[in-house]
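Q: What follows is a structure written as structure tokens; I'll ask about it next.
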Ligand code: PFF
């Protein structure tokens, strides 16, 4: 039954645009290239692609089933489908994960705003890669400016989420997602025509399997879940706004393909330039921020390319931060019967503190550490490499073992109206492969076997 009082996306395109907006973000343009660069290039890419389609997509499909079937928030959804059990805690885990991701994500999103202004001020001109690296380090370790941009980003996000599902999230995603795609394509073309671009292409597409270690495998798993926005009930929340007529299998396939395409294209835009400029591909989080400004200074119209790119990065980040804040907002609003506005204001307060601390942990408060990592690095590591795979593991166990197979089929086939040709494969992956694979990867890398 449709719940008439709940907000809904207005069209099929809006659903894909909003969910792809959540998936496509800093994870694709900032995180994917540096993870790939630090984890051996093509070998990482291959494992990543395997994980996206074999582990990520089945979990995504399950989240869509849970959300649309229950028409409830991350935690309420499990209560509707499995009353009087503890499964609702999986939703709560998702809400906590959203807080932790936002606590470092807002910081990087803030960096992209600073770089828009650096680009407007034409500050990249005449700077060698090492100078740009210094600019990045000076900026991110400073106290006030990164903090300021982080807070600005928290407010922009809160403002959009306050506008609600159709007016806010949908409108922004519908216009900006297609634009983002076009701009990345243009950047790829520019990067591929730089001198010595072939070396970057070789790094991206020539296998070197000696580079595969358990760390590389866990990184690829974390990156796959992070990039697809799965494992933390974000898509449960979005699917609760999806019409009963929507084809969920098509939606999952479209989001996954789009997201993966953007990550691969972002790497094609970055690595030829990295090699052309002689930058170390394993530079880590600064990779995008030192590579592209260099490229822009070397091309005609570079001034405008640079502004456009960092604006695009900020926009991609925004469509993801709104989805993360929506998880928290829907949960607290429905579970504690509070007004949306109150919840958003409260979240803003908490998030300013947590992301502020995470920003300061990179510089003036560098002794703010957990498990030998800065708070920023800890939030990143803990959310993507531990919490998201754990969430994915639990969601796959829920649908694979604790929810009726025929109900899952019923939801995916819209009550028997649609054909679901690969249902058996999906269910097999979910029931056996996803939980076993995630468990093995954890055991292997986290030393649980020692
Ligand atoms: N998928 C986003 C990105 O790649 O930047 C990050 C993200 C958004 C992760 C929403 C998880 C999530 F629920």
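Numbering (the working numbering), first residue to last: 20 to 469. In this text, a Cβ means the ideal position worked out from N, Cα and C, and glycines have one as well.
What is the DSSP secondary structure of residue 388, reduced to helix, strand or coil?
A: strand
Q: DSSP three-state label for residue 393, please.
A: strand
Q: For the stretch 39-53 against the stretch 294-313, do three or more pairs of beta-carbon atoms, one drawn from each stretch, fall closer than 8 Å, so that the two count as touching?
A: yes
Q: Starting from the N-terminal side, write out each stretch of the alpha helix (DSSP H) that is 4 residues or longer and does not extend beyond the stretch 126-187.
A: 148-160, 163-181
Q: Alpha carbon to alpha carbon, what distance is there between residue 298 and residue 214?
A: 14 Å
Q: What does the shell around the ligand PFF hold, if a residue joins when its beta-carbon is under 6 Å from any heavy atom?
A: In chain order, the residues positioned with their C-beta nearer than 6 Å to some heavy atom of the ligand PFF are 41, 42, 44, 45, 46, 47, 120, 245, 246, 248, 251, 253, 339, 342, 343.
Q: Given this structure, state the Cα-to-Cα distance separating residue 452 from residue 74, to the nearest angstrom.
A: 8 Å
Q: Residue 434 by DSSP, collapsed to three states: which one?
A: Residue state, collapsed to three classes: coil.
Q: So, helix, strand or coil for residue 323, using DSSP?
A: Residue state, collapsed to three classes: helix.
Q: To which residues of the same chain is residue 224 closer than 7 Å at the C-beta, ignoring the five residues directly before and after it?
A: 61
Q: Taking the alpha helix (DSSP H) that residue 415 belongs to, which residues open and close that run?
A: 407-416
Q: Count the other CB atoms within 10 Å of the CB of residue 360; is the residue buried (16 or more) or exposed (fewer)?
A: exposed
Q: Taking contact to mean 3 or more Cβ pairs, one atom from each stretch, closer than 8 Å, check whether the stretch 328-346 and the stretch 240-252 are in contact.
A: yes
Q: Should residue 386 go down as buried or exposed, given a rule of 16 or more other Cβ atoms within 10 Å for buried?
A: exposed
Q: I need the straight-line Cα distance from residue 83 to residue 255, nearest angstrom please.
A: 6 Å
Q: Give me the Cα-Cα distance between residue 357 and residue 435, rounded to the nearest whole angstrom.
A: 37 Å
Q: How big is the Cα-Cα spacing for residue 164 and residue 413?
A: 40 Å
Q: Can residue 474 and residue 233 be called in contact, C-beta distance under 9 Å?
A: The displayed coordinates of the chain run from 20 to 469. Any statement about residue 474 would go beyond what the structure contains.
Q: To the nearest angstrom, how far is the alpha carbon of residue 197 from that of residue 203?
A: 10 Å
Q: With DSSP collapsed to three states, give me the class of residue 453.
A: Note: residue 453 maps to helix in three-state DSSP.
Q: Can you give me the start and stop residues for the alpha helix (DSSP H) that residue 76 sits inside?
A: 76-89
Q: Starting from residue 242 and walking both ways along the alpha helix (DSSP H), at which residues does that stretch end?
A: 233-247
Q: Here's the rule: buried if 16 or more other CB atoms are within 10 angstroms of the residue's CB, otherwise exposed. What is residue 230?
A: exposed
Q: If I measure Cβ to Cβ from residue 207 and keep anything under 7 Å in the same chain, skipping five residues before and after, which residues do I get?
A: Only 284, 287, 288 meet the Cβ criterion.
Q: Within its chain, find whatever has a CB closer than 7 Å to the CB of residue 303; leave out the 5 residues flanking it on each side and keep chain order.
A: 53, 57
Q: Would you mind reading off the limits of the alpha helix (DSSP H) that contains residue 99?
A: Its alpha helix (DSSP H) spans residues 93-100.
Q: In terms of residues, what are the limits of the alpha helix (DSSP H) holding residue 69?
A: 61-70
Q: Under three-state DSSP, which class holds residue 225?
A: Residue 225: coil per DSSP, three-state reduction.
Q: Note down, in chain order, each residue of its chain lying with its Cβ closer than 6 Å to the Cβ of residue 122, except the 5 sequence neighbours on either side.
A: Counting only Cβ-Cβ distances below 6 Å, and skipping sequence neighbours, we find 373, 374, 377, 398.
Q: Based on Cα-Cα distance, which residue from 48, 405, 34, 80 lies nearest to residue 448?
A: For residue 448, the nearest C-alpha among the options comes from 80.
Q: Would residue 20 be called buried (16 or more neighbouring beta carbons within 10 Å of its own) or exposed?
A: Bear in mind that the predicted position of residue 20 carries a pLDDT of just 45, short of 50, making it unreliable; the figure below should be weighed with that in mind. Exposed, because fewer than 16 other Cβ atoms sit within 10 Å of the Cβ of residue 20.
Q: Please classify residue 318: does DSSP put it in a helix, a strand, or coil?
A: coil
Q: Where residue 264 and residue 90 are concerned, what is the direct C-alpha to C-alpha distance, given to the nearest angstrom?
A: Here the alpha carbons of residue 90 and residue 264 stand approximately 14 Å from one another.
Q: Can you check which of these residues, 195, 193, 114, is closest to residue 94 by C-alpha distance?
A: 114
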